[in-house]
Every structure is written in C-alpha cells, then in structure tokens.
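Structure first, then comments.
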Amino acid sequence: MANPEWHRLGPVAALKQKPLQAVTVEGVPIALSWDQGRFGAISGRCLHAGGPLGQGTLRDGYVVCPWHGWTYQRETGEGEPGSTDVVPRYLLKEEGGDLFIDLASATHPRPASHSPHPLARDPKRADGPLRVVGISTTVMDRGAPRYSTSEDLLRVALEAAAAEGAETQFITLNNLKFRACEGYYSKSANACTWPCSITQMDDKDELTTVYEALVHWADVVLIATPIRWGNASSLYFKMIERMNCIQNQITTHDHVLIRNKVAGFIITGGQDNVQSVAGEMMMFFGELGFTFPQFPFVGHSRGWSAEDMENNMAAVKADQELRQGTRALALRCLEQARRLVAAGAGPARTERGGRKAN
Ligand code: FES
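If you're matching positions, the sequence shown starts at 1 in UniProt numbering and goes up one per residue.
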C-alpha cells in the first residue's frame, strides 16, 4: 500500500456547510460530500464524459453528475445498483478541527460499463452504390396528411437519384418523435456529446434514424423545407439544434464526423425568402462538414402577394420546369458524391480549425 499523502482540505466546521462541493487537491478534482454525519470523498470526474461531479447534487447517498445524471455512491464511488462503474474514492481524517484527504488512498476506477451507443462507431463508408437520404421537414397533422410542395419535390429528387442507380431513403421528420435540444452545450462544450446526450439517455428518442443516415449511411443528403414566415420550418430547426453534437465534435475533439458527403436543398414557400433560407441551410450544413454541388438548391415561390395557396399547390404540381430543376439538383449532388467517393479518403486533413461562432 502506498504511503499516505495527507493534504489539508480546511476546517471541518466550514466544510460541513455544503452537502456536496468540488475541491481540487494538487490538481486532482474531488467531490467532497457531507451527509448523515459523515464526509465522503470521491473523484470529481465523471466516467461518462468527464462531468464535474462536485458540482452535481446529492440524492439518497449518491452523487448525481450535473451533465447527464450518472450517479456514484458518495463514499465508495460505486455506480448505481446494477452498474459496475466505479470512480476512485479517498480516505479522510479529522485532526485538530481540520479535514484531511489522503491522495495516495485512491482506489482504482473501473471504466464505464455502459456499452457504447451504436452511433458511436467510426463513420466508414460501406461499399456499394451511392446512397441518398431525403429528409422532409414539413409539419402536418399525422392523422390527416396533406399535400406538401417541398415533400412532393423531394420525392421527385429521390426518384431521379434511384433512376441513376442510387439507393434512396425517405425520412419524414414529422413521423419521428424526438426531443428538442436541451442545451447540454450551454453547461459545457464537453457536455454536448456524440452521440447526442439525449440519444444516449433516452432510447425512445427517434432522431437516431436521422443521425444514422447522415453520419453513417448517406453520401448525399437532400433536405426539403417549406418557408414559414421567411424561415425554414420549425421542425427543421428542431432537428438541426440536435445536430450541434455533430459540429461540436470538431470543437471538442477535432473529430470530423462528416466527410466526403454532399448536401442539397429544396425550398418552397407561398411567399418569398428562398435565398435567405438557402443561405442559412448552406451555412449550417457547411459547418457540419458537408460539401455542395454547383447550384446547391432549388426554390419555388410565387411571391409576396400570392395568398391563394390552393393555386400554389396546383402550380407546383404542374410546373415541369421546377420538377426538371429538382431532378437536375439530385443529379448534380450525385455527381459531386461520385467524385468524392472516387477520390477515396479525400484530402488528408479536412479539419475545420478555429471555433464556431454560435
Ligand atoms: S453523466 Fe457525467 S458526464 Fe455525462
């Protein structure tokens, strides 16, 4: 057993004032707790993603990590019943009214027993034909579906891609039940994890389908949105807020999840603002790591004064030029993807560098 290394933490009377606190001794973070007449000291670093345990809360004798809620017994460091995770625990002693900790008494951690989420595997393109996923972000009553101009054009694009030999997948975001981003990034950049914190915590959250398609499956992603008050649909924003975890991997781990992939956009609105919506979408998907073909979007709008929406639907259905333009977008995206796939791994370094501006 190593020789003890006692370090003074401070007066017992003062340290008793807080049920849980973060202290650092010789650079080692400690979660120091006081409950039921006894101190406890365990590592201050969560095994999941390094969350600061001393800044968490105490619940039934367990320290609850403030980032995603993993728990550790406050005196032994053992994870919740049923888990084999253990963080180091430390011996304490009281002497002359002061509390001391023995850093040499740290027990060995047992790494997280939670098996990695399937999305956590390294993105690696599987051999086979080019793959195109179309994501419709239109919101509608699931029980009473209606005609959607953007969704209609997305189908046109996917049919064109399939006719070129691509595998296609159609995702109707409106049919997926998923939580809005809960702002783990706002706690700490490292608290916004890949896979998404919500995805890891909630196996009922259905955005996994989208992550799987974007990060692991598709070579081409086509996003279709209506324009709502000059912006993309609310469902589009709900989806992309959850994609902060993809971009954040670059910030926190210099880990680029999206490589050699192409994005294109289909934007339709009764009124105008197509270019502004396209600009926002291109900025975001560019930040994720997607590339774009020449002329990366098709848009349709009959202008500010066109309130006769029934005619708008009829116009889109009948507009052969628009439909041909949509097919052409799909083919441009495929051509770009074909070049990227043929180039293999692509440039040796595609890391973005710098930090994002959100
Ligand atoms: S639960 Fe602690 S870092 Fe995620």
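For each residue, glycine too, the CB sits at the ideal point set by N, CA and C. The structure displayed is predicted, hence computed values, not measured ones.
| Query | Result |
| --- | --- |
| Among H255, G270, D127, nearest to R228 - alpha-carbon criterion | G270 |
| Beta-carbon proximity list for S113, same chain, < 8 angstroms, skipping 5 on both sides | G79, S83, T84, D85 |
| G50: CB within 7 angstroms of a non-hydrogen atom of the ligand FES | yes |
| Below-8 angstroms beta-carbon distance, F295 vs any chain B residue | Among the chains of the structure shown, chain B does not appear; only one protein chain is present. |
| Expected contact under 8 angstroms - CB spacing of V156 and R327 to nearest Å | 6 angstroms |
| Proximal residues to A357 (C-beta, below 6 angstroms), its chain only, five neighbours per side dropped | At A357, the pLDDT of 46 sits below 50, so the modelled position is not reliable; the number obtained from the coordinates is stated separately. Hits under 6 angstroms: none found. |
| Candidates R8, R110, L154, of which the one nearest F265 by Cα | L154 |
| Per DSSP, cross-strand counterpart(s) of T268 | P226, H300 |
| Proximity to L58 [Cα-Cα], best of I240, D35, A263, V23 | D35 |
| Through-space distance from N175 to Q224, alpha-carbon basis | It is Ala, not Gln, that sits at residue 224 in the sequence shown. Looking at the two C-alpha atoms, the distance is approximately 15 angstroms. |
| Touch test, the segment 44-63 against the segment 15-32, Cβ-Cβ under 8 angstroms, three pairs minimum | yes |
| Expected contact under 8 angstroms - CB spacing of L340 and V256 to nearest Å | That pair is no contact at about 14 angstroms. |
| Close Cβ partners of R8 (< 7 angstroms) along its chain, the five nearest in sequence each way excluded | D98, F100 |
| Runs of alpha helix (DSSP H) wholly within the segment 129-207 (minimum 4 residues, chain order) | 149-163, 184-187, 197-201 |
| H68 beta carbon near the ligand FES (any heavy atom closer than 7 angstroms) | yes |
| Where the alpha helix (DSSP H) containing I258 begins and where it ends | No alpha helix (DSSP H) contains I258, which DSSP labels as neither H nor E. |
| Rounded separation between V12 and M243 - CA only | 46 angstroms |
| Rounded C-alpha distance that separates A189 from W217 | 26 angstroms |
| C46 Cβ short of 7 angstroms to the ligand FES heavy atom set | yes |
| Extent of the continuous alpha helix (DSSP H) run through K317 | 309-318 |
| C65 Cβ short of 7 angstroms to the ligand FES heavy atom set | yes |
| Where S136 falls, given that 16 or more other Cβ within 10 Å makes a residue buried | buried |
| Rounded distance between the beta-carbons of R131 and M140, thought under 8 angstroms | 27 angstroms between Cβ atoms; not a contact. |
| Burial state of D308, where buried means 16 or more other Cβ atoms lie within 10 Å | exposed |
| Segment limits, alpha helix (DSSP H) that includes A278 | 274-288 |
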